[in-house]
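Count along the sequence shown from 1, then add 854; that gives the number in the numbering used here.
C-beta: ideal position from N, C-alpha, C; glycine also.
One structure is given here, and the rest of the page talks about it.
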Amino acid sequence: MSVETGLKGAIQVPVDLGERAYDVWVGPGVRHCLADVIPGDVGRVAVVTQAAVADAGITVDPGVEHRVFITDNGEQIKTLSAVEELCREFAQWGLTRRDAVVAVGGGAVTDLGGFAAAVYHRGIRVVFVSTTLLGQIDASVGGKTGVNLPEGKNLVGAFWQPSAVLCDTEALDTLPPEEMRSGLGEMAKYHFIADANLHSLSLPERIARCVQIKAEVVAADEREAGRRAVLNYGHTLAHALEAHGGYDLRHGEAVAVGLIYAAELAHRTGRIDAERVDEHRRVVDGYRLPTRLPEGVDSDAIVGLFSRDKKAVDGVTFMLDGPDGIQPVAGLEPALLRETLEAVR
Ligand code: GLY
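Below, the structure written as structure tokens:
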């Protein structure tokens, strides 16, 4: 891997975005280096974190005057009213446009804290301290921030790149196993987006490699005009299962089944051979993630939800593997989509 180490042995992964470029640092205990990555002219820092993160003993010291703002736990904190509440608290404290936000937690906290930073004073600097596997290899990198509406996830947000990201692998020791599984589903996805040689790496190296793959995609297409959609590989089925609800699946587990489904679809459309489908099964299985749909999935409802996927701008479009890698494939027939669901039942 062409990454360097620094910042007390952490692995450095640059995100090459010109004047918005920043580094992601991956390693055990790297959150203790927060003061080293806070921009030098920042006067005060609003630390936004979640009760569960603080309760797990994951705290930070930005090295300048700071105040900690603790949100509730879970994804339900991603609301516009939570953004308003945070921004009002920032204003009451007197946070200025020269100051910064540090969001400490998983994807929900970095999405919320990042979006609050993006809109407060029309945008102040933000640093992410990512504490979950899912957050480290996906949400904290690439500048997508935002909140949910009752009508859908992440419907209000902004592209707002952080000044730095610290992925503290020590924090992963505090994660419940189901939260770890959620990240592993995203990790499985990276095996197919770039070279698949993740198996030989240690966990911090593997996280850094996933970040590096994502960083390359984001640097090529920051605003998701094209290539960035590759990061949604396996997600169309996952989003449909999540939108339908009622299945006992974490996001990463839904993505895992979604990867197998996408491979089966690619095989049925002649884009990949049976060996490549098996490779998908081996990778997903290797992470002890599900390769089959949960009991009782309603095919008609799921196929109906495919066309409501927020990435679907031109009918039902899937990101599918093929001879030239993962690409968008539009116009897949509902009968094929239904028949392929049976293959993963
Ligand atoms: N999570 C997909 C992206 O960042 O584009």
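Is DSSP giving residue i helix, strand or coil here?
i	result
D1154	helix
V995	coil
R976	helix
T1090	helix
P1182	strand
L1174	strand
K1068	helix
K1007	strand
A1197	helix
S856	Here the model assigns S856 a pLDDT of 49, short of 50, so the residue's position is not dependable and the matter cannot be decided.
A864	strand
L1147	coil
Y1101	coil
E1187	coil
P893	coil
S1054	coil
L1029	coil
G1039	helix
S1161	coil
T964	helix
E1133	helix
R951	coil
V914	coil
D1049	coil
E943	helix
E801	The question about residue 801 has no answer, for the chain in this structure spans 855 to 1199.
I1061	helix
Y1141	coil
G1124	coil
D1075	coil
R1192	helix
G1112	helix
Spell out the partners DSSP gives residue i in its beta bridges.
i	result
Y876	V869
E919	R898
F982	A957 and V1019
Q904	T925
F1013	K998
G881	D1022
Here's the rule I'm using: 16 or more other beta-carbon atoms within 10 Å means buried, otherwise exposed. How should residue i be labelled?
i	result
R1192	exposed
Q946	exposed
Q904	buried
K862	exposed
L1057	exposed
L1119	buried
S994	buried
S1054	exposed
T1194	buried
Q1218	In this structure the chain extends from 855 to 1199, so residue 1218 is not present and cannot be described.
A1128	exposed
A1189	exposed
G1006	exposed
L988	buried
E1196	exposed
S856	No answer about S856 holds up, because its pLDDT of 49 lies below 50 and its placement is not dependable.
G1124	exposed
Q990	buried
Between residue i and residue j, which are expected to be in contact by the criterion C-beta below 8 angstroms, what is the C-beta distance as a whole number of angstroms?
i	j	result
D965	V937	The pair is not a contact, with the Cβ atoms about 10 angstroms apart (cut-off 8 angstroms).
V1170	S1161	5 angstroms
F1013	R1077	6 angstroms
G917	I892	6 angstroms
L1143	R1060	The pair is not a contact, with the Cβ atoms about 15 angstroms apart (cut-off 8 angstroms).
L1052	Y1044	7 angstroms
V1109	G1140	The Cβ separation is near 15 angstroms, so there is no contact.
V1084	I1126	With a Cβ gap of about 15 angstroms, V1084 and I1126 do not count as contacting.
P1016	G968	7 angstroms
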